[in-house]
């Protein structure tokens, strides 16, 4: 519930906030004047020289431009606020550009990682196929040699020889000896 005083309602908006349209200098009321182009340019040049406004400079500008010191101080304060907002906007734009570049680079790296994972998985599959082929052929060779010795009726020369044949059952991994995968490995039949 608003409580309205009759005396406040009788006053005009100018009377409520006289500082918005008039400045008081002693007993004389003057209407606040808009800056001319020359005054604005002079204040802008002064701002470019030094962002901060010291009291001596404020008084000097006040005399040169015919403005009140308070008006000059407010102009500098507003101009610093706009300058700071522009600086933040510029910084934001720079950071956004850097973010966009990093984002594109990240996307490219993710695509490259996926491609490399695919190649790695493909090579692992080929390696298993070639290892399976080597294992099967290696086991058959050892078994056929062992069966050939037993079936020929020859007695092994000693237990150390039999032990030596059993120990020679190694898995040959061609990729370990040749790091470059040959193109003909890709056409080998797969063994279930």
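Numbering (the UniProt record's numbering), first residue to last: 1 to 192.
Glycine is no exception: its CB is placed at the ideal position from the N, C-alpha and C atoms.
This one's a predicted model, so the numbers in the text were calculated from it and none came from an experiment.
Spatial distance of residue i from residue j (CA atoms)
{"i": "residue 125", "j": "residue 96", "result": "43 Å"}
{"i": "residue 92", "j": "residue 71", "result": "31 Å"}
{"i": "residue 103", "j": "residue 58", "result": "48 Å"}
{"i": "residue 113", "j": "residue 46", "result": "56 Å"}
{"i": "residue 22", "j": "residue 88", "result": "Note that residue 22 scores a pLDDT of 47, beneath 50, so its modelled location is shaky and nothing firm can be said."}
{"i": "residue 115", "j": "residue 128", "result": "20 Å"}
{"i": "residue 98", "j": "residue 105", "result": "10 Å"}
{"i": "residue 109", "j": "residue 123", "result": "21 Å"}
{"i": "residue 60", "j": "residue 40", "result": "15 Å"}
{"i": "residue 130", "j": "residue 107", "result": "34 Å"}
{"i": "residue 90", "j": "residue 111", "result": "32 Å"}
{"i": "residue 77", "j": "residue 117", "result": "58 Å"}
{"i": "residue 36", "j": "residue 48", "result": "18 Å"}
{"i": "residue 101", "j": "residue 121", "result": "30 Å"}
Contact check, residue i vs residue j, beta carbons under 8 Å
{"i": "residue 69", "j": "residue 62", "result": "yes"}
{"i": "residue 83", "j": "residue 43", "result": "no"}
{"i": "residue 80", "j": "residue 51", "result": "yes"}
Closest by C-alpha distance to residue i, when choosing among the options
{"i": "residue 38", "options": "121, 64, 57", "result": "64"}
{"i": "residue 34", "options": "50, 66, 53", "result": "66"}
{"i": "residue 73", "options": "85, 53, 86, 60", "result": "53"}
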